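Residue numbers (UniProt numbering): 1 to 131.
Built from N, CA and C at the ideal position, the CB exists for glycine as well.
Keep in mind the model is a prediction, meaning the values are calculated, not measured.
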């Protein structure tokens, strides 16, 4: 399976990417800061890192990225701070989800592409160094 993960450098996204790679899936990720990824992931041959903001990619670029994907997982979210919640991009998750779904529909895949929207608002992982 080929799976696109957006928000892959965050707490939830990085754990998802690790698990998918352990299961030998091909994983594409769109991240602004690849240096935040766990070192073990960065060297995995099944991982394709696309360094960009999902909102800055053109429609054609997003269509190309999702073209061969069997699934898309969105782990996007805002930092739990005033700036993170009320600052720009105000509708990050909504806008990114719309653009990804539009790209999938545009490509007219032979099989349905699974779309998983993950959210951990208000939850913390005591095993990770996160607020």
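Candidates the options, of which the one nearest residue i by Cα
i, options, result
"residue 41", "27, 104, 51, 53", "27"
"residue 39", "91, 72, 14, 2", "14"
"residue 54", "118, 117, 7", "7"
"residue 76", "91, 59, 63", "91"
"residue 95", "117, 107, 108", "117"
"residue 64", "119, 35, 10, 102", "102"
"residue 99", "119, 74, 62", "62"
"residue 59", "107, 45, 17", "107"
Opposing strand residues paired with residue i [DSSP bridges]
i, result
"residue 51", "31"
"residue 43", "In DSSP, residue 43 forms no bridge with anything."
"residue 72", "4, 115"
"residue 26", "2"
Three-state secondary structure (DSSP) of residue i
i, result
"residue 93", "helix"
"residue 103", "helix"
"residue 5", "strand"
"residue 114", "strand"
"residue 143", "What is shown of the chain runs 1 to 131, which leaves residue 143 out entirely."
Extent of the continuous alpha helix (DSSP H) to which residue i belongs
i, result
"residue 15", "11 to 22"
"residue 56", "From DSSP, residue 56 is part of no alpha helix (DSSP H); its letter is neither H nor E."
Quiz item: Do the stretch 41 to 54 and the stretch 103 to 121 touch if we need at least three Cβ pairs shorter than 8 Å?
Solution: no
Quiz prompt | Any 3 or more C-beta pairs closer than 8 Å across the stretch 1 to 9 and the stretch 64 to 74 | solution = yes
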